[in-house]
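Q: Residue numbers (the numbering used here): 28 to 158. Beta carbons: idealized from backbone N, C-alpha and C, even for Gly. Predicted, not measured: the structure shown is a model, and the values here were computed from it.
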Amino acid sequence: MKKASKVFVMVLSLTVMMTVNTYAHYGMGEGDGDYVAKKVAKLTEQLSLSAEQAAQVEALIKEKMEKKNAIKEEKHAAIEAVKEEYSVKIKALLTDEQKAKYEEMQTEREKEEMKGSDHEHKDSGGEEKGS
C-alpha cells in the first residue's frame, strides 16, 4: 500500500511539474500555470485520476483557457470598435473648440482606464474562481 502511495505522489508531482513547464513554454502567465497545475492536482487527488487522465484533463483545461482568452480578446475589440464609432459620431456634432475639449477628455479617460487596467491585471493572477 505504501508503495502505491509513493508511486501516486511521484506521478502527481511529475504531472504538476510538466504542467507548469508546459505553460511557461506557451507563454501563459505564471498565474495561469499555477491555476492549471493546482486544478489538475486537485482533480487528480479527488478523482484518483491516472497519469493519462491527468494529462488529458490538463490539455482540456488549457484548451478552455485559450478559448476563453480568445473570446475576451474578441469582446474587447468589439467594444473598442463601438467606442470609436460613437466617438466619431459625437465629434461630428461638435464645434472645433468642443472637439478639442472632447479629445482632451477622452485622453484623460483613457489614462484613467489604463491605471485601472494595470491594477486589475496585477490583481487577477489567473482565471476567475468558479470557471
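1) Determine the contact status of V63 and I88, defining contact as a CB-CB distance below 7 Å.
2) With S114 as the anchor, note down where its alpha helix (DSSP H) starts and where it stops.
3) What three-state label does DSSP hand S75 in the structure shown?
4) Under a Cβ-count criterion, where at least 16 other Cβ atoms within 10 Å of its own Cβ denotes burial, should A127 be classed as buried or exposed?
A: Answer, in terms of the structure:
1) yes
2) A78 to L120
3) coil
4) exposed
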